[in-house]
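Positions in the sequence shown are counted from 1; adding 1 to them yields this note's numbering.
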Amino acid sequence: MHNSSLLQDLAVVMVVAGFVTILFHRLKQPVVLGYIAAGVIIGPHTPPFLLIQDKHTIETLSELGVVFLMFSLGLEFSFRKLKEVGSSAIIAAIMEIVLMLWVGYEIGRFFGWKTMDSIFLGGILAISSTTIIVKALEELGLAKENFAKLIFGVLIFEDILGILIIAILSGVAQTGSLQIGDALEAAGRLLVFLVIAIIVGILTVPRLLGYVGRFRRTEMLLVTVLGLCFAACVITLKLGYSVALGAFMMGAIIAEAREIGRIEELLEPIRDMFSAVFFVSIGLMINPRLLLDYAFPIAVISVAVVVGKVLSCSFGTFLAGQDVKTSMRVGMGLSQIGEFSFIIAALGQTLGVTSGFLYPIAVTVSAITTLTTPYLIRVSDPAVNWFYRAAPNRLTALLNVYTTWVGHVQETRSKNTGRLLLRRWSIMMVINLLFVAGVFIAGAFLVNTQPAWLASRIQHPEAVRAIVWLTAALLSAPLLVATYRKLQAFGMLLSEMSISKNSDGKRNQAAQTIVSHTVLIGGTIVIGLFLLLLSSTILQSGRALLLLLVVVGVVTAILWRPFIRIYSKAQIAVQDVFTAPPPTPHHRQLPNFLEEAELERVEVKPHSVAARKLISEIGLRSKTGASIVAIHRAGKNILNPNPSEEILPGDSLLMIGDNDQLKAATDFLNATDPKE
Numbered sequence: 002m003h004n005s006s007l008l009q010d011l012a013v014v015m016v017v018a019g020f021v022t023i024l025f026h027r028l029k030q031p032v033v034l035g036y037i038a039a040g041v042i043i044g045p046h047t048p049p050f051l052l053i054q055d056k057h058t059i060e061t062l063s064e065l066g067v068v069f070l071m072f073s074l075g076l077e078f079s080f081r082k083l084k085e086v087g088s089s090a091i092i093a094a095i096m097e098i099v100l101m102l103w104v105g106y107e108i109g110r111f112f113g114w115k116t117m118d119s120i121f122l123g124g125i126l127a128i129s130s131t132t133i134i135v136k137a138l139e140e141l142g143l144a145k146e147n148f149a150k151l152i153f154g155v156l157i158f159e160d161i162l163g164i165l166i167i168a169i170l171s172g173v174a175q176t177g178s179l180q181i182g183d184a185l186e187a188a189g190r191l192l193v194f195l196v197i198a199i200i201v202g203i204l205t206v207p208r209l210l211g212y213v214g215r216f217r218r219t220e221m222l223l224v225t226v227l228g229l230c231f232a233a234c235v236i237t238l239k240l241g242y243s244v245a246l247g248a249f250m251m252g253a254i255i256a257e258a259r260e261i262g263r264i265e266e267l268l269e270p271i272r273d274m275f276s277a278v279f280f281v282s283i284g285l286m287i288n289p290r291l292l293l294d295y296a297f298p299i300a301v302i303s304v305a306v307v308v309g310k311v312l313s314c315s316f317g318t319f320l321a322g323q324d325v326k327t328s329m330r331v332g333m334g335l336s337q338i339g340e341f342s343f344i345i346a347a348l349g350q351t352l353g354v355t356s357g358f359l360y361p362i363a364v365t366v367s368a369i370t371t372l373t374t375p376y377l378i379r380v381s382d383p384a385v386n387w388f389y390r391a392a393p394n395r396l397t398a399l400l401n402v403y404t405t406w407v408g409h410v411q412e413t414r415s416k417n418t419g420r421l422l423l424r425r426w427s428i429m430m431v432i433n434l435l436f437v438a439g440v441f442i443a444g445a446f447l448v449n450t451q452p453a454w455l456a457s458r459i460q461h462p463e464a465v466r467a468i469v470w471l472t473a474a475l476l477s478a479p480l481l482v483a484t485y486r487k488l489q490a491f492g493m494l495l496s497e498m499s500i501s502k503n504s505d506g507k508r509n510q511a512a513q514t515i516v517s518h519t520v521l522i523g524g525t526i527v528i529g530l531f532l533l534l535l536s537s538t539i540l541q542s543g544r545a546l547l548l549l550l551v552v553v554g555v556v557t558a559i560l561w562r563p564f565i566r567i568y569s570k571a572q573i574a575v576q577d578v579f580t581a582p583p584p585t586p587h588h589r590q591l592p593n594f595l596e597e598a599e600l601e602r603v604e605v606k607p608h609s610v611a612a613r614k615l616i617s618e619i620g621l622r623s624k625t626g627a628s629i630v631a632i633h634r635a636g637k638n639i640l641n642p643n644p645s646e647e648i649l650p651g652d653s654l655l656m657i658g659d660n661d662q663l664k665a666a667t668d669f670l671n672a673t674d675p676k677e
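So, in structure tokens, the structure goes:
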């Protein structure tokens with residue numbers, strides 16, 4: 002068999018990894034370190050035997066590990082959680098990343114490394130490890146603590162910025178230098194791409210998976226999800242971004258689907274297998290002798306990671322209004338590097354711009370800081386107590402006053418409905434314009450590349466430009482109409498808020514009119530200039546632009562109301578992602594008073610509010626207190642049904658609860674769906 006070497010290598014990898022991870026589990030150490038240690042054991046730098054025959058095949062499989070690792074991180078990410086992250090997590094993440102980028106660069110320059118090594122070292126040290134932190138908090142039983150939720154928020158924002166760092170470093174590797182203009186341009190392109198991809202994905206992917214999920218065929222759902230994941234990776238690769246971005250982005254989109262519970266269960270074994278190969282391949286690249294030669298830089302970098310992340314995250318969290326105890330616990334929980342660091346180090350090595358020693362140094366520093374993470378989390382409370390004992394009373398009192406003041410300011414802002422509306426409309430207008438920019442950029446790409454299917458149908462280049470511009474403008478019209486309407490509302494509300502009442506309690510109508518019209522006219526001019534800039538990337542003739550503007554203006558005037566309806570439907574669909582309740586956990590809690598618990602059976606009628614909905618969607622437990630423990634369907638029993646189980650007309654539901662809960666649940670299930 003010509004592929005026997007591949008089978009032999011996989012057998013060696015899995016067998017050794019299995020034994021080593023069992024050992025690490027018994028020693029209560031992270032399993033990830035066990036995989037890396039297994040790679041070192043079977044690697045080419047560890048005598049006396051060469052256990053791996055084809056190292057390149059394992060490295061190829063490890064690339065699949067990167068895809069599944071980033072995809073699984075995306076599945077744990079949820080856009081609705083962005084609302085819950087708050088300013089604390091955002092400020093802490095930005096301060097940590099900026100400081101560690103600078104620290105990593107300065108350390109590299111201190112040791113006399115190449116500029117590119119120093120830049121990539123900064124990226125390696127910038128992002129903490131989601132996998133390692135979540136594992137550590139779960140093993141310590143602290144995952145539900147308030148500081149842990151804040152840590153998860155920081156990790157969410159770090160994941161987003163980590164993708165941006167990867168994109169910028171890819172550009173730096175190609176140009177050989179880091180220019181502010183290039184970085185801003187890369188960030189702008191990435192932002193436009195992400196906005197378009199996420200909005201289109203949210204509007205289409207969950208519906209597609211909902212349709213596939215109705216067939217109740219696990220293989221169909223699994224193949225569809227994998228197809229979407231790999232398709233996203235190919236698209237991002239074609240656009241010049243890494244496969245990690247595509248995998249993470251598609252995972253985040255699929256996380257909003259109703260079938261997320263089933264998808265996670267199906268993907269878990271596949272992810273674990275390829276992730277294991279990925280981490281083992283990291284160990285294969287570690288040369289123990291090289292690590293001895295770089296022992297001092299490794300020690301310096303490890304200390305810099307721990308100290309730098311504790312200080313930056315703690316200070317950033319405190320600056321956002323959290324108390325000292327919470328801030329220090331957050332900082333000590335985020336003081337390590339992990340999977341993102343491996344991906345950034347591998348990127349530099351793949352592009353051939355970093356030295357060979359950087360990758361194993363990154364892995365070793367990750368291993369060291371991973372070992373220290375549980376201990377730092379454990380000693381966070383004693384460290385806080387020591388700080389309060391050692392710090393002057395004046396200082397602690399000042400810190401407490403600052404925390405109280407920030408909390409009061411945030412509470413005041415949250416109660417100001419006008420400001421919240423202005424901020425919300427501003428964000429929506431920016432998103433609309435980013436989407437418009439993406440449509441015109443795609444049009445410019447078509448015009449410049451002239452694909453065969455387009456060139457063969459339209460021979461004249463100017464006709465191609467005109468048709469592409471007209472198509473882009475018509476696709477953007479609903480967004481521009483919505484932006485104009487929001488600009489009107491923005492101006493009216495701003496005038497209402499900015500013009501104070503007179504002594505008789507009335508406002509100056511003339512001043513309000515001036516403010517609202519100024520905002521509308523100024524905003525329209527800015528949008529017009531923005532559209533002219535975008536149009537210049539497609540059209541070359543001013544006359545053609547004027548003629549096409551007349552055509553688009555007439556069409557927009559005729560279809561004004563349909564455009565509004567189209568945008569409203571899309572807006573509602575996107576907003577559902579942020580307002581819908583999060584997926585229900587897999588475990589189900591029974592009533593705390595089992596001695597009073599009773600069982601009740603209810604048949605689901607065709608027009609019931611629960612018919613054709615998932616258990617997680619009807620929220621029976623949160624609304625009534627009763628829980629569904631079994632479903633009788635077509636002669637079969639589904640015991641302890643999953644929250645992603647769909648309730649069908651004719652199902653007989655077995656519920657548990659006390660008398661009041663069961664009565665409320667029965668009345669709820671017997672109610673008729675108002676949509677019917």
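A virtual CB, placed ideally from N, CA and C, is assigned to each residue, including glycine.
Just so it is clear, the structure is predicted and the values come from calculations on it, not from any experiment.
Roughly how many whole angstroms lie between the Cα atoms of T538 and E64?
-> Translated into positions along the sequence shown, residue 538 becomes position 537. Translated into positions along the sequence shown, residue 64 becomes position 63. Here the alpha carbon of T538 sits roughly 36 angstroms from the alpha carbon of E64.
In the DSSP assignment, find the unbroken alpha helix (DSSP H) run with V385 in it and report its ends.
-> To locate residue 385, count along the sequence shown from 1; it is residue 384. First-last of the alpha helix (DSSP H) with V385: S381 to A391.
For the putative contact between L122 and L359, defined by C-beta atoms under 8 angstroms, what is the C-beta separation to the nearest angstrom?
-> On the sequence shown, position 121 is the one that residue 122 refers to. On the sequence shown, position 358 is the one that residue 359 refers to. Contact holds; Cβ gap of about 7 angstroms.
Is K29 helix, strand or coil by DSSP?
-> Along the sequence shown, read from residue 1 onward, the residue named residue 29 stands at position 28. Reduced to three states, the DSSP call for K29 is coil.
Under the three-state reduction of DSSP, which class applies to H57: helix, strand or coil?
-> Walking along the sequence shown from the start, residue 57 turns up at place 56. Reduced to three states, the DSSP call for H57 is helix.
Spatial distance of V556 from A474 (CA atoms) = Mapped onto the sequence shown, residue 556 falls at position 555. Mapped onto the sequence shown, residue 474 falls at position 473. Approximately 11 angstroms between the Cα atoms of the pair.
From the DSSP output, in three-state form, read off R634 for me.
-> Locating residue 634 in the sequence shown gives position 633, counting from the first residue. The answer is strand: DSSP assigns R634 an E or B state.
Between L352 and F297, what straight-line distance do the alpha-carbon atoms span, to the nearest angstrom?
-> Indexing the sequence shown from 1 puts residue 352 at position 351. Indexing the sequence shown from 1 puts residue 297 at position 296. Their backbone Cα atoms lie some 27 angstroms apart in a straight line.
Going by the beta-carbon positions, is the gap between L165 and A149 smaller than 7 angstroms?
-> Locating residue 165 in the sequence shown gives position 164, counting from the first residue. Locating residue 149 in the sequence shown gives position 148, counting from the first residue. No.
Within this structure, are the beta carbons of P642 and A612 separated by less than 7 angstroms?
-> Locating residue 642 in the sequence shown gives position 641, where the first residue counts as 1. Locating residue 612 in the sequence shown gives position 611, where the first residue counts as 1. No. Outside cutoff.
Which residue from V527, F111 and R622 puts its Cα closest to that of I657?
-> Here residue 657 refers to the residue found at position 656 when the sequence shown is read from its first residue. Taking only the C-alpha atoms, the option nearest I657 is R622.
Going by beta carbon distance, what residues of the same chain come within less than 6 angstroms of V325, once the five residues before and after it are set aside?
-> In the sequence shown, the residue the question calls residue 325 occupies position 324. Only L400 meet the Cβ criterion.
A368 versus N147: straight-line alpha-carbon distance, rounded = Translated into positions along the sequence shown, residue 368 becomes position 367. Translated into positions along the sequence shown, residue 147 becomes position 146. Separation of A368 and N147 (C-alpha to C-alpha, rounded to the nearest whole angstrom) is 27 angstroms.
Give the DSSP-derived three-state secondary structure of S44 in the structure shown.
-> Along the sequence shown, one-based indexing puts residue 44 at 43. A small fix is needed here, since residue 44 is Gly in this sequence, not Ser. Reduced to three states, the DSSP call for G44 is coil.
Own chain partners of S356 with C-beta closer than 6 angstroms, once the 5 adjacent residues on each side are dropped = One-based indexing of the sequence shown puts residue 356 at position 355. Hits under 6 angstroms: D118.
M286 in three-state terms, based on DSSP = The sequence position of residue 286 within the sequence shown is 285, counting from 1. Three-state DSSP puts M286 in coil, outside helix and strand.
Terminal residues of the alpha helix (DSSP H) in which V555 lies = Against the sequence shown, residue 555 aligns to sequence position 554. Segment G543 to I559, the alpha helix (DSSP H) holding V555.
In three-state DSSP terms, what is S653?
-> One-based indexing of the sequence shown puts residue 653 at position 652. If DSSP states are grouped into helix, strand and coil, S653 belongs with the strands.
From L223 to L229, what distance separates their C-alpha atoms?
-> Reading the sequence shown from its first residue, position 222 is the one you call residue 223. Reading the sequence shown from its first residue, position 228 is the one you call residue 229. When rounded, the distance between both Cα atoms is 10 angstroms.
Run through DSSP, which three-state label would E601 get?
-> By 1-based counting over the sequence shown, the position of residue 601 is 600. E601: strand per DSSP, three-state reduction.
Specify, as a first and last residue, the run of the alpha helix (DSSP H) that Y295 falls within.
-> Position 294 of the sequence shown holds residue 295. Premise fails: Y295 is in no alpha helix (DSSP H) and is neither H nor E.
The segment 478 to 495 touching the segment 557 to 567, judged by at least three CB pairs closer than 8 angstroms | As far as the Cβ criterion goes, the segment 478 to 495 touches the segment 557 to 567, which means the pair count is three or higher.
Would you kindly work out how many angstroms separate the C-alpha atoms of L192 and A38, rounded to a whole number?
-> Here residue 192 refers to the residue found at position 191 when the sequence shown is read from its first residue. Here residue 38 refers to the residue found at position 37 when the sequence shown is read from its first residue. Distance between the alpha carbons of L192 and A38 is about 38 angstroms.
Between the CA atoms of G444 and L209 - distance to the nearest angstrom | Reading the sequence shown from its first residue, position 208 is the one you call residue 209. Reading the sequence shown from its first residue, position 443 is the one you call residue 444. Whole-angstrom Cα-Cα distance: 27 angstroms.
Go ahead and pull the three-state DSSP assignment for I362.
-> Position 361 of the sequence shown holds residue 362. The answer is helix: DSSP assigns I362 an H, G or I state.
How would you label S609, buried or exposed, when you count the other beta carbons within 10 angstroms and need 16 or more for buried?
-> Here residue 609 corresponds to residue number 608 of the sequence shown, with the count starting at 1. Under this definition S609 is a buried residue.
Could you please give me the residues that DSSP links to E265 through a beta bridge?
-> Against the sequence shown, residue 265 aligns to sequence position 264. Bridge partners of E265: none, in fact.
Please go through the same chain and pick out, in chain order, the residues whose beta-carbon is closer than 6 angstroms to the beta-carbon of A174, but skip the five residues on each side of it.
-> One-based indexing of the sequence shown puts residue 174 at position 173. The residues are L352 and V354.
Quick one: give me the first and last residue of the alpha helix (DSSP H) that G252 is part of.
-> Residue mapping note: residue 252 aligns to position 251 of the sequence shown, counting from 1. V244 to I255 is the extent of the alpha helix (DSSP H) around G252.
Opening and closing residue of the alpha helix (DSSP H) in which W114 lies | Translated into positions along the sequence shown, residue 114 becomes position 113. No alpha helix (DSSP H) holds W114; DSSP gives it neither H nor E.
Mark N394 as exposed unless 16 or more other C-beta atoms lie within 10 angstroms of its C-beta, in which case mark it buried.
-> The sequence position of residue 394 within the sequence shown is 393, counting from 1. With fewer than 16 Cβ atoms within 10 Å of its Cβ, N394 is classed as exposed.
Report back the beta-carbon spacing between G211 and E265 to the nearest angstrom; my notes put them in contact at under 8 angstroms.
-> Position 210 of the sequence shown holds residue 211. Position 264 of the sequence shown holds residue 265. G211 to E265, Cβ: 16 angstroms. No contact.
Can you name the residues that DSSP bridges to L615?
-> Numbered from 1 along the sequence shown, position 614 holds the residue referred to as residue 615. Paired residues: E647.
Candidates N660, R602, V281 and P607: closest to S638 by CA position | As a first step, residue 638 is located in the sequence shown; it is residue number 637 there, counting from the start. Before going further, note that residue 638 is Asn rather than Ser in the sequence given. When each option's Cα is compared against that of N638, the closest is R602.
Does the Cβ-Cβ distance between L151 and S313 come in under 7 angstroms?
-> In the sequence shown, the residue the question calls residue 151 occupies position 150. In the sequence shown, the residue the question calls residue 313 occupies position 312. No.
Using three-state DSSP, classify G658 as helix, strand or coil.
-> Taking the first residue of the sequence shown as position 1, residue 658 is located at position 657. Strand at G658.
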